[in-house]
Structures are given as structure tokens and as C-alpha cells.
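**Student:** In this note's numbering, the protein residues as written are 243 to 336.
Structural data, given as C-alpha cells:
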């Protein structure tokens, strides 16, 4: 943490080497970098997939958020018809 209570970042920049290679610049060693990069939340997403709308394969789809809760609606395209959700749910926002 920094003196003002914000999370400290080791990240200092990124550089494209070629079409298949990037170089990550750090301002200090980060022994957990590979673990962080392997986290699915940080996976590379195709720009077309990102801008096409809905993503995922679960029984619910994101509907809305009021800042403190997320509303999830049944996803009619879910692969297992027998497990389809019948109503929307609200869950606390992290």
C-alpha cells in the first residue's frame, strides 16, 4: 500500500516487441507476476468478442447494477435446458 492507502503497483508500462510478443516493464520486482497474469480475469480478449455484447456460458446473464447489487437474468441460450433459471436474482456487488 502507498502512504495514502492505495494499492501499490509494480507495473510501469508495456512494450510491443512484435505481433506475438510484449515486454512488461516493472518498477520493482513482483514475484507473483506470473500468477497474476494467469488469472482468467486478465486474459486477452478479442476486440470483436469484447464489443459484441454478452459473454459467458452460465445459466444467468448480467442485467443491471445499482452500485451495491447486480441483477442477473436467466440466460435463454444456456446449454443445459433442464437447468435454466426461472427468475432473476440480485447478488451483492463485490
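Every residue, glycine too, gets a C-beta built ideally from N, C-alpha and C.
Which same chain residues, not among the five before or five after residue 252, have their C-beta less than 8 Å away from its C-beta?
**Tutor:** 268, 269, 270, 271, 272 and 275
**Student:** What does a CB cutoff of less than 8 Å around residue 244 pick up in its chain, not counting 5 residues either side in sequence?
**Tutor:** 250
**Student:** Do you know whose CA, among 329, 333 and 328, lies nearest residue 309's CA?
**Tutor:** 333
**Student:** Assign residue 265 to buried or exposed, taking buried as 16 or more other Cβ atoms, counted over all protein chains shown, within 10 Å of its Cβ.
**Tutor:** Exposed.
**Student:** At what residues does the beta strand (DSSP E) containing residue 312 begin and finish?
**Tutor:** 311-316
**Student:** Tell me residue 257's beta-bridge partners as DSSP assigns them.
**Tutor:** DSSP output for residue 257 lists 265 as bridge partner(s).
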